[in-house]
Amino acid sequence: MLPIVAIVGRTNVGKSALFNRLVGEQTAVVEDVHGITRDRIYAEAELDTRRVMLVDTGGLAGAEHDELITQVKQQAVMALQEADVLILMVDGQEGLTSLDYEVVDVVRATGTPCVLVANKMEKLSADSGDFLSLGMGPPIDISAIHGRGLMEMVEAVEDVLPAPEEEG
C-alpha cells in the first residue's frame, strides 16, 4: 500500500496547483477563486525516490456557519486523519493570516509529520520569515506553478515518510 501524502491549508493557497504539478497532469481544477476544491482528490505520484498516494483537499479554515465550508472542512479533516505525511501550504505572497493559525491548530492535533511550504514565492526576494511564528519551523519556499523549490520540498517529504514495506 502506498503512503498517503495530503496537501492541506486554507483556501486559495495553491494546493491544487501543487497537486497537479506533482501528479504531472491537470487532475485538480485550479482557479483564482476561493472554494473550488470541495472533495478530496486522489492520484498516485512519483516523488524523487518514492511513489505515494497524493491527496488534494479543500480549504481547512473558514466560516463555521456556512454549510458548504463545513462540508469541505470535513472532507479535509478526513484526509488529515488518513495521511502518513502532511504538506501544510501557506501563501507566501499574501502572508500570514488568522486562518493559517486555525489550520496549524488542526494539523498539530493530528500528530502527523508535516512539511511547511510557502507557495507563490516566484520572486527570489520574497520573504517567508513571518511564517516562523506558526511554530512549524522554517517554511520551504516554493512556486507550484513555476516548479521552484519543489525538489527541496520533495526531499523533506520523503525524509518523514514511513519506511517502505518489505516485499515478500
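Position 167 of the sequence shown, counted from 1, bears residue number 167 in full-length UniProt numbering, the numbering being contiguous throughout. Quick reminder that beta carbons are idealized off the backbone N, C-alpha and C, glycines included.
What would DSSP say about L60, mapped onto helix, strand or coil? coil
Could you please give the first and the last residue of the uninterrupted beta strand (DSSP E) stretch that includes A163? Per DSSP, A163 belongs to no beta strand (DSSP E) and is neither H nor E.
If you run the structure through DSSP and keep just helix, strand and coil, what is L86? strand
Do the segment 15 to 26 and the segment 103 to 116 meet, that is, are 3 or more Cβ pairs less than 8 Å apart? no
Element boundaries [beta strand (DSSP E), containing E46]: I41 to E46
Residue interval of the beta strand (DSSP E) (run including V23): Careful: V23 lies outside any beta strand (DSSP E), inside the alpha helix (DSSP H) at K15 to V23.
In angstroms, rounded to a whole number, what distance separates the CA positions of G35 and A156? At G35 the pLDDT is 45, less than 50, meaning the model places this residue with poor confidence; the figure from the coordinates comes in the next sentence. The straight-line gap from Cα to Cα measures roughly 28 Å.
Of the choices A163, V154, P162 and E165, whose alpha-carbon is the least far from that of D48? V154
Check for me: the alpha helix (DSSP H) holding A109 runs from which residue to which? S98 to T110
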